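Only one structure is covered here, and it is reproduced in the block below.
Shown next as C-alpha cells:
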C-alpha cells in the first residue's frame, strides 16, 4: 500500500505544495489538527519525506487564508476562530452565496439537481447520519451553485468561507442536520422554479440559521 509521501513524490515538485496544502486543510476541517496544534515546517517535511520548500509554501498559504498563525520561533499554530470572526464569515457568506445562486439560476441541469436532492433526502431519512456524509452532501449543493455561477473568484471565496465555518465543530449542533437539509430542499425547489428572489432568500435564511445556531452554542460555553 502506498503511503501519502509515496503518492506525493510521484508528482512534480511544483504540485507538492498543493497536495500538502490539500492534506493539511482536510486535517484541519476534520479536526485531526485541532485548534492549538503546533505545525513545524521541518517536522512536516520530514513526516512527508519531502523538501522544506513545498511544506513552507503550503503552510504560508494556510496562514494567508487565516487557518493558522505564525508564532515566535517560526512555528505555526492552528487558529481557533472567535465568535465574532465566525459571525463575520457567515455574514459575508450570505452575501456571496445569495449572489451565486442568483447567477446560477437556469445553469444547473435538472439531472444534477436530482442527484443533489437524492443525497439530501437520504440524509434526512437516516436516523443517525454520518457527519462526513452530511458535509459531502452540503458541499455538493453549495459547490454546484458556486461553480454554476460562472465566477471563479466568487466560487473560490465562497469555498474558503465555507471551510472556515467548518472549522467550528458542527457535530455539536445535531439540530442543524435535519433543519439544514430541509433548508437545502427549499433552495433546490427555488432553483428548479428559476425563482431568483426565492432562491436568494432561501440561501440567506439557511446561512442565518447556521449563524444563529453557532452563536447559541457559543453562548452556552
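Numbering (the numbering used here), first residue to last: 332 to 552.
Positions of the beta carbon are idealized from the N, C-alpha and C atoms, including for glycine.
Quick caveat, the model's predicted, so the values are computed rather than measured.
Spatial distance of residue i from residue j (CA atoms)
i	j	result
residue 498	residue 487	17 Å
residue 442	residue 448	10 Å
residue 458	residue 452	12 Å
residue 438	residue 516	18 Å
residue 461	residue 454	8 Å
residue 370	residue 408	6 Å
Closest residue to residue i among the options (Cα-Cα distance)
i	options	result
residue 495	358, 392, 374, 397	397
residue 544	374, 474, 507, 400	507
residue 421	435, 372, 491	491
residue 323	391, 410, 424	The structure shown does not extend to residue 323, since the chain spans only 332 to 552, so no value can be given for it.
residue 467	479, 446, 540	446
residue 273	411, 406, 393	An answer regarding residue 273 cannot be provided, because it is not within the stretch 332 to 552 covered by the chain.
residue 359	436, 384, 480, 390	390
residue 528	489, 364, 429	429
residue 436	367, 531, 513	531
residue 405	384, 514, 372	372
Where residue i falls, given that 16 or more other Cβ within 10 Å makes a residue buried
i	result
residue 379	buried
residue 402	exposed
residue 348	buried
residue 477	buried
Those residues which DSSP pairs with residue i across a bridge
i	result
residue 409	399
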